[in-house]
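>
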Amino acid sequence: MFSGGPLGTGQQWFSWIHVDDLVNVIYEALTKPSYQDLKRNAIVINGTAPNPVRLGEMCQQLGSVFGRPSWLPSS
63 MFSGGPLGTG QQWFSWIHVD DLVNVIYEAL TKPSYQDLKR NAIVINGTAP NPVRLGEMCQ
123 QLGSVFGRPS WLPSS
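One gets the working numbering by counting positions in the sequence shown from 1 and adding 62 to each.
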């Protein structure tokens, strides 16, 4: 039950972002005047962690935080 292991081999790169960092990105986009000219120019804002991890490593970390096994790969 609840064995949330990695998809496939787990060797895929996984870009993640912490919820606090995502909130900061959204706040900056809403409050800085340089982001306000959306009618004339399309502005793309990308929020990810500076260091991606392998999906298998991310699943192991999540499993340890939530106290759940993550050794069984999902397909």
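By construction, the Cβ of each residue, glycine as well, lies at the ideal position given by its N, Cα and C atoms.
None of these values were measured; they are calculated from a predicted model.
Name the DSSP beta bridge partners of R116, please?
Answer is W75, bridged to R116.
> I need the straight-line Cα distance from M63 to Q73, nearest angstrom please.
Note that M63 has pLDDT 41, beneath the 50 cutoff, so the model's placement of it is unreliable and the number below is only indicative. If I take the Cα positions, the gap works out to 23 Å.
> Around the Cβ of G70, are there at least 16 other Cβ atoms within 10 angstroms (buried) or fewer (exposed)?
Counting Cβ neighbours within 10 Å, G70 comes out exposed, since fewer than 16 surround it.
> If you follow the alpha helix (DSSP H) that L84 is part of, which residue opens it and which one closes it?
Start and end: V81 to T93.
> Could you tell me which of K94, L117 and V127 sits nearest to W75, measuring between CA atoms?
The candidate whose alpha carbon is nearest that of W75 is L117.
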